[in-house]
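First up is the structure itself, then whatever we jot down about it.
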Amino acid sequence: MAQIWAGTGIGKTHHHCVVLTAQGERLLSRRVLNDEPELLALLADVLALGQDVAWAVDVADGMAALWINVLLNHGQHLVYIPGLAVNRASAGYRGMGKTDAKDATVIADQARMRRDLTVLLPDDEHAIELRVLTSRRTGLNADRTRRVNRLRGQLFRDHGLADVIASMPGIGPLLGAGFLAATAGDMSRYGTADRLASLAGVSPLPRDSGNVSGNLHRPRRYHRGLQRVFYTSALISIRGCDDSRRFYERKRSEGKRHTQAVLALARRRVSVLWALIRDGQCYQSNLRVTSAA
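Heads up: the sequence shown at position 184 corresponds to 848 in this note's numbering, and the numbers run straight through without jumps.
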């Protein structure tokens with residue numbers, strides 16, 4: 665007998681998962697992107713609540729293919745509740761409007777109470793078909809990624825700022841293309857390096873209140889593609905650039921966690937890249953950044 669029940673309402677781009685105890689108490693409610701890293705993180709978080717988990721889904725076709733395969737490949741017990749049964753059962757759950765969270769709650773609760781549900785196994789017809797669909801989707805995504813990367817690399821090399829941008833340690837054609845796609849290389853549109861850093865989500869904002877000061881947080885609205893450029897290139901540069909490694913190690917010695925130190929380095933690199941583009945010069949070790957940047 666399972667100790668907790670996890671119901672997932674399936675959607676095309678996002679799923680919603682709710683976890684219940686044997687007494688019907690809610691332990692977790694989360695909307696998650698239909699993406700393998702996100703789904704693996706959800707799986708790990710639910711297993712951290714209890715290793716004996718019964719999973720339930722209301723869809724067993726293409727939209728659920730990735731999630732079902734993740735669960736079966738990790739040896740999880742999984743049952744299928746038809747969507748019609750979920751809709752009929754929903755009428756008995758009062759105090760909740762029609763939401764993804766409610767659907768996931770109904771799925772989990774029905775799995776908790778019913779013993780007549782279809783168990784999905786790795787070698788049954790549904791699972792085999794879904795594995796084929798998932799493999800085909802993975803192959804198509806890989807082909808698309810390769811084509812996009814080749815195209816971005818070629819467009820980047822033709823840009824007038826390519827040599828300047830690529831001179832920054834950790835930035836190659838793909839990250840450079842991502843930077844140009846987000847900014848067009850025109851720094852005048854942002855006014856200052858601080859504004860560009862804020863757009864990239866690597867410049868913390870103050871959240872002071874009353875007598876409390878120095879409370880910083882990441883901006884809620886930022887360009888995720890631009891943040892990826894600076895954060896990823898900062899990680900890469902730590903391994904291959906002495907300046908970056910020394911900066912990172914100094915922040916760590918000041919008591920910052922790994923992520924905080926990398927973000928601090930990413931913020932520093934915004935100012936450096938800003939100065940390089942402004943002055944039209946390539947990166948040099950120990951380059952000093954003036955306050956005008």
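For each residue, glycine too, the CB sits at the ideal point set by N, CA and C.
_I'd like to know if the segment 745 to 757 and the segment 694 to 713 are in contact, where contact means that at least 3 CB-CB pairs between them fall below 8 Å._
Inter-segment contact for the segment 745 to 757 and the segment 694 to 713 is absent: fewer than three beta-carbon pairs are separated by less than 8 Å.
*Per DSSP, what kind of secondary structure is valine 682 in: helix, strand or coil?*
In the sequence shown, residue 682 corresponds to position 18, counting from 1. Note: valine 682 maps to strand in three-state DSSP.
*Please classify serine 960: is it buried, with 16 or more other beta-carbons within 10 angstroms of its beta-carbon, or exposed?*
An answer regarding residue 960 cannot be provided, because it is not within the stretch 665 to 957 covered by the chain.
*In terms of alpha-carbon separation, which member of Thr763, Gln924, Leu940, Arg758 lies closest to alanine 857?*
As a first step, residue 857 is located in the sequence shown; it is residue number 193 there, counting from the start. Selected option, being the one with the closest Cα: Leu940.
*Between alanine 775 and valine 750, what straight-line distance do the alpha-carbon atoms span, to the nearest angstrom?*
Here residue 775 corresponds to residue number 111 of the sequence shown, with the count starting at 1. Here residue 750 corresponds to residue number 86 of the sequence shown, with the count starting at 1. Approximately 10 Å, taken between the alpha carbons.
_Check for me: the beta strand (DSSP E) holding histidine 741 runs from which residue to which?_
The residue you call residue 741 lines up with position 77 of the sequence shown. That run of the beta strand (DSSP E) goes 741 to 744.
*Helix or strand or just coil, what does DSSP make of threonine 847?*
Taking the first residue of the sequence shown as 1, we reach residue 847 at position 183. Three-state DSSP puts threonine 847 in a helix.
*Classification of methionine 777 by the beta-carbon crowding that lies within 10 angstroms, buried from 16 upward*: Within the sequence shown, numbered from 1, the residue matching residue 777 stands at position 113. So methionine 777 counts as exposed.
_Here's the rule I'm using: 16 or more other beta-carbon atoms within 10 Å means buried, otherwise exposed. How should histidine 922 be labelled?_
To locate residue 922, count along the sequence shown from 1; it is residue 258. Exposed, because fewer than 16 other Cβ atoms sit within 10 Å of the Cβ of histidine 922.
*Going by Cα to Cα distance, which pick from Pro833, Phe843, His678 is closest to leucine 825?*
In the sequence shown, counting from the first residue as 1, residue 825 sits at position 161. Leucine 825 has its Cα closest to that of Phe843, out of Pro833, Phe843, His678.
_Own chain, CB closer than 7 Å to tryptophan 938, minus 5 neighbours either side, in chain order_ = Locating residue 938 in the sequence shown gives position 274, counting from the first residue. Excluding the 5 residues flanking it on each side, tryptophan 938 has same chain C-beta neighbours closer than 7 Å at Met851, Ala857, Leu860, Ala957, in chain order.
*Whole-angstrom distance between tyrosine 912 and valine 783, CA atom to CA atom*: Translated into the one-based positions of the sequence shown, residue 783 becomes position 119. Translated into the one-based positions of the sequence shown, residue 912 becomes position 248. Distance between the alpha carbons of valine 783 and tyrosine 912: 50 Å.
*Are the CB atoms of arginine 916 and alanine 925 nearer to each other than 8 Å?*
In the sequence shown, counting from the first residue as 1, residue 916 sits at position 252. In the sequence shown, counting from the first residue as 1, residue 925 sits at position 261. Annotated as proximal: arginine 916 and alanine 925, with beta-carbon spacing under 8 Å.
*Span separating the alpha-carbon of phenylalanine 820 from that of glycine 919*: Start at 1 with the first residue of the sequence shown, and residue 820 comes out as number 156. Start at 1 with the first residue of the sequence shown, and residue 919 comes out as number 255. Cα-Cα distance, rounded: 38 Å.
_Tell me the DSSP secondary structure of threonine 672 in three-state form._
Start at 1 with the first residue of the sequence shown, and residue 672 comes out as number 8. Strand at threonine 672.
*Excluding the five sequence neighbours on either side, which residues of its own chain have a C-beta within less than 8 Å of the C-beta of leucine 899, listed in chain order?*
Sequence index remark: in the sequence shown, residue 899 carries index 235 (1-based). The beta carbon of leucine 899 lies closer than 8 Å to those of Gly834, Val926 in the same chain, with the five residues before and after it left out.
*Going by DSSP, what residues sit across from valine 783 in a beta bridge?*
To locate residue 783, count along the sequence shown from 1; it is residue 119. Answer is Val743.
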